[in-house]
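In what follows, a single structure is set out as structure tokens and then discussed.
Protein chains in written order, with the working numbering: chain A, 1 to 309; chain B, 1 to 518.
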């Protein structure tokens, strides 16, 4: 009797064992890199002394959190993190969808592959390399772009000492590097649309824009919502590479480029306090958790299908 | 669904137990080993018969961290050193260089926090912060081990000097023998100064260099004058001038609050809220606006040291002419500021610590002892191999060979510099001179005082983060015409981050120290 129930319970696992096996590496990866480190959370509530180990260090309640919330930069960092990330979510979503729609209209298969490869290429560059490439463009005095501007207008723009330029530069770099990848996702969603729909619309006299609005976009919407929910969940987690290596950690740019992750990294390497930095990490994760649940709820209110879970 | 949740919960708890279990077992194990090692070999040491000790020593491998650029000739030199070390104390040392001094603190701090196993490391109040790490337990307490395993090293300093290295009453690192009395100053390129008929003797502050640098800028071809003044953006350049002002840092140079330490009742104040600091940053801004400091100082990957016409120097010492000639690839005028002064941070400016993760602290101390007493070993480390890296020109005098692929390894970073060969224009008695200077220097009233930062940890973390944010831009004058405005903003940020609380705490501890001394 009991074994019968057990067998019935295990049936789905048995039926899908091939799928399960295929996802096993991913599950192991997530377990090792996402679940195991969670025990580090206790470090945020301890006065970590390396010699005593994580378990042996004394507890100190919320004192580690004080470090961040008492810091004069807390407001600036939160503003930059949320502001720039929100801007980037919007801009990258638009860029990805628009490029995907454009690619969809490309008739020649060879040109399509060329466009895609060219746009995909920067995705494989490391942020360190991107940062150095940007410096050869923007460096005061010797940069290609700065000397071009200097020659044309006689003005010397110092990109590395004027933070406000970076509100534009950072999203631009983000798009340049990421659009190839994100447009691919949307493009594959477009590929799954039945071609007959477009043909029917054309026969009915719908313009290109109309068919995009009424056919393509509704098909892309669930994907857009899903990716946005995921992105909003990570809104407090800024891309460290983009914000640290691209502005070359130049302190003059901190008013714009300093985000939670770079701040934690600096605090960690300057004062070497692991407990204080992990407190900020815990805060990031907690807010991310609330955000992801919240956005998912909101998305479901609009349309049951849009929810991630 | 529920059962899956339960399963993961059990799994995670299990692995947590596993991790903590491993950790405590590991740390216990190493502690025990250290203890038994110390107690078992102590009788041998107290008999102080070196030969009997040798016989009982089992082979050991140690890891030693310091900073410097790796060179192709390093391995040959380290092999030669290990031959001596193997023969004398049956020890092999793996010497590991962290490529740049700017990254050294960072790399070592992470290693300590990650409980990485190593044995010896270079430490100082400004690199791999000695005070913070000693207080945190990153280093082995060597108060008792030092006299036992490194008796001659211990004997080479008076007890007062060792007091400077004490944190909470205990010694956590061995002091390197070198110049203690600190005097800072400027170096100026001799060929350029002579060419533009500049008299360097009149220079008493950075702005005095302005007319000279401007002349060079106007007179020399543009591609050699893009970086005339060495701004040293990553360093705490302003602190170079403390000996001149007779100020003394308290507990690490990035933490605000210094004291004028030759006064009878030293007063702690915010070094950034002073006319001296304001002048420092305004001069830098002027240098930047006139093109004397590299325009792209913050983003340029490497600088050409031979292009500098002038530079500030943290420490001048007898024989410095030779060192700076090597660095800047031209003869230099040396301009000292004020009198040499002996303070706690200066006495312990360079030290060697034994890591708390070391399995063989007693052996690590024996290596320290040999670096302090064995002339051959020490000079191998500093100068390399005879005939390959240098040749002897006198009994104790050498000349570096141009084909050398080793070094430079600064003599103050390890052991006893008084054992070093002399070279170039250094006088034969340079080390006697240094010793004399150490003994005759003005002594700070706070000598032997060490700050304990625990009660203002949050404020220290936040204020030093602010100092570090502005440091590079102030050093290079990047704020240009906005400097005064940014300076006001900087001060108000420090205030908001609780600098006053840090100052108060420092004053409190200073007062207690002075009272107890009287």
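All C-beta atoms in this analysis are idealised placements derived from N, C-alpha and C, irrespective of residue type, glycine included.
Proximal residues of chain B, C-beta to C-beta of residue i below 7 Å
{"i": "residue 140 of chain A", "result": "295 and 296"}
{"i": "residue 135 of chain A", "result": "299"}
{"i": "residue 8 of chain A", "result": "Ordered by position in chain B, no residue passes the 7 Å Cβ test against residue 8 of chain A, which lies about 13 Å from the chain."}
Residue nearest to residue i in terms of C-alpha spacing, selected from the options
{"i": "residue 347 of chain B", "options": "B:338, B:198, B:243 and B:334", "result": "B:243"}
{"i": "residue 248 of chain A", "options": "A:290, A:95 and A:132", "result": "A:132"}
{"i": "residue 223 of chain B", "options": "B:374, B:295 and B:456", "result": "B:295"}
{"i": "residue 71 of chain B", "options": "B:408, B:247 and B:137", "result": "B:408"}
{"i": "residue 274 of chain B", "options": "B:260, B:323 and B:286", "result": "B:260"}
{"i": "residue 237 of chain B", "options": "B:164, B:517, B:475 and B:486", "result": "B:475"}
{"i": "residue 503 of chain B", "options": "B:255, B:92 and B:325", "result": "B:255"}
{"i": "residue 227 of chain A", "options": "A:182, A:255 and A:260", "result": "A:182"}
{"i": "residue 240 of chain B", "options": "B:79, B:196, B:94 and B:340", "result": "B:340"}
{"i": "residue 275 of chain A", "options": "A:14, A:44 and A:40", "result": "A:44"}
{"i": "residue 267 of chain A", "options": "A:255, A:280, A:257 and A:256", "result": "A:280"}
{"i": "residue 97 of chain A", "options": "A:223, A:165 and A:79", "result": "A:223"}
{"i": "residue 306 of chain B", "options": "B:271, B:406 and B:192", "result": "B:192"}
{"i": "residue 458 of chain B", "options": "A:277, A:291 and A:52", "result": "A:277"}
{"i": "residue 187 of chain B", "options": "B:204, B:218, B:79 and B:171", "result": "B:204"}
{"i": "residue 370 of chain B", "options": "B:511, B:323, B:84 and B:402", "result": "B:84"}
{"i": "residue 435 of chain B", "options": "B:181, B:69, B:115 and B:75", "result": "B:181"}
{"i": "residue 451 of chain B", "options": "B:56, B:404 and B:248", "result": "B:248"}
Other residues of its chain near residue i: CB distance less than 7 Å, five sequence neighbours each side excluded
{"i": "residue 108 of chain B", "result": "65, 121 and 128"}
{"i": "residue 46 of chain B", "result": "Any answer about residue 46 of chain B is weak, because its pLDDT of 40 lies below 50 and its placement is not dependable; what the coordinates show is given next. Once the five neighbours on either side are set aside, residue 46 of chain B has no close Cβ partner at all."}
{"i": "residue 421 of chain B", "result": "379, 383, 396, 397 and 398"}
{"i": "residue 508 of chain B", "result": "none"}
{"i": "residue 316 of chain B", "result": "183, 184, 185, 334 and 336"}
{"i": "residue 232 of chain B", "result": "475"}
{"i": "residue 285 of chain B", "result": "477, 479, 480 and 483"}
{"i": "residue 354 of chain B", "result": "119, 120, 139, 140, 142, 361, 364 and 365"}
{"i": "residue 277 of chain B", "result": "238 and 271"}
{"i": "residue 33 of chain B", "result": "Only weak support is given to the placement of residue 33 of chain B: the predicted model assigns it a pLDDT of 37, under 50, and the value that follows is read from those uncertain coordinates. Here the set comprises 359."}
Proximal chain B residues relative to residue i, where beta-carbon distance stays under 8 Å
{"i": "residue 274 of chain A", "result": "113"}
{"i": "residue 76 of chain A", "result": "Under the 8 Å cutoff, chain B gives no residues; its nearest Cβ is about 10 Å from residue 76 of chain A."}
Partner residues on chain A for residue i, Cβ-Cβ distance less than 7 Å
{"i": "residue 469 of chain B", "result": "251 and 254"}
{"i": "residue 497 of chain B", "result": "71 and 72"}
{"i": "residue 109 of chain B", "result": "269 and 272"}
{"i": "residue 472 of chain B", "result": "251"}
{"i": "residue 106 of chain B", "result": "269"}
Neighbour list for residue i in chain A, Cβ cutoff strictly below 8 Å
{"i": "residue 138 of chain B", "result": "50 and 51"}
Neighbourhood of residue i by C-beta, 6 Å cutoff - its chain only, sequence neighbours within 5 removed
{"i": "residue 105 of chain B", "result": "127 and 128"}
{"i": "residue 488 of chain B", "result": "none"}
{"i": "residue 289 of chain B", "result": "480"}
{"i": "residue 59 of chain B", "result": "90"}
{"i": "residue 109 of chain A", "result": "none"}
{"i": "residue 9 of chain B", "result": "Here the model assigns residue 9 of chain B a pLDDT of 49, short of 50, so the residue's position is not dependable, and the following value carries that caveat. Cβ neighbours of residue 9 of chain B beyond the five flanking positions: none."}
{"i": "residue 337 of chain A", "result": "One cannot answer for residue 337 of chain A here, as it falls past the ends of chain A, which runs 1 to 309."}
Whole-Å CB distance - residue i paired with residue j, under 8 Å assumed
{"i": "residue 426 of chain B", "j": "residue 178 of chain B", "result": "That pair is no contact at about 14 Å."}
{"i": "residue 386 of chain B", "j": "residue 393 of chain B", "result": "11 Å between Cβ atoms; not a contact."}
{"i": "residue 333 of chain B", "j": "residue 190 of chain B", "result": "6 Å"}
{"i": "residue 242 of chain A", "j": "residue 215 of chain A", "result": "Not quite, the Cβ-Cβ distance comes to about 34 Å (not below 8 Å), so this is no contact."}
{"i": "residue 415 of chain B", "j": "residue 176 of chain B", "result": "6 Å"}
{"i": "residue 77 of chain B", "j": "residue 406 of chain B", "result": "5 Å"}
{"i": "residue 252 of chain A", "j": "residue 160 of chain A", "result": "7 Å"}
{"i": "residue 300 of chain A", "j": "residue 294 of chain A", "result": "The Cβ separation is near 11 Å, so there is no contact."}
Residues that residue i contacts on chain B, provided the C-beta gap is smaller than 9 Å
{"i": "residue 266 of chain A", "result": "465, 468 and 469"}
{"i": "residue 67 of chain A", "result": "457, 458, 461 and 462"}
{"i": "residue 5 of chain A", "result": "Near residue 5 of chain A there are no residues of chain B at all, since even the closest Cβ is about 12 Å away, more than 9 Å."}
{"i": "residue 248 of chain A", "result": "298 and 299"}
Beta-carbon contacts of residue i that lie in its chain and below 8 Å, excluding the five residues immediately before and after
{"i": "residue 493 of chain B", "result": "466"}
{"i": "residue 63 of chain B", "result": "93, 94, 96, 117, 118, 119 and 120"}
{"i": "residue 124 of chain B", "result": "130, 348, 349, 350 and 351"}
Listed by chain order, chain A residues near residue i by CB distance under 9 Å
{"i": "residue 231 of chain B", "result": "Per Cβ cutoff of 9 Å: no residues; residue 231 of chain B is ~14 Å from chain A at best."}
{"i": "residue 356 of chain B", "result": "50 and 51"}
Closer than 7 Å: residue i CB and nearest the ligand ZN heavy atom
{"i": "residue 128 of chain A", "result": "Ligands are entirely absent from the displayed structure, and the ligand ZN is therefore not among its contents."}
Check each residue of the stretch 477-507 of chain B: if its Cβ is closer than 7 Å to any Cβ of chain A, include it; give the result in chain order. 478, 493, 496 and 497
Taking Cβ-Cβ distances below 7 Å as the criterion, which residues of the stretch 139-161 of chain A are in contact with chain B? 139, 140, 141, 142, 160 and 161
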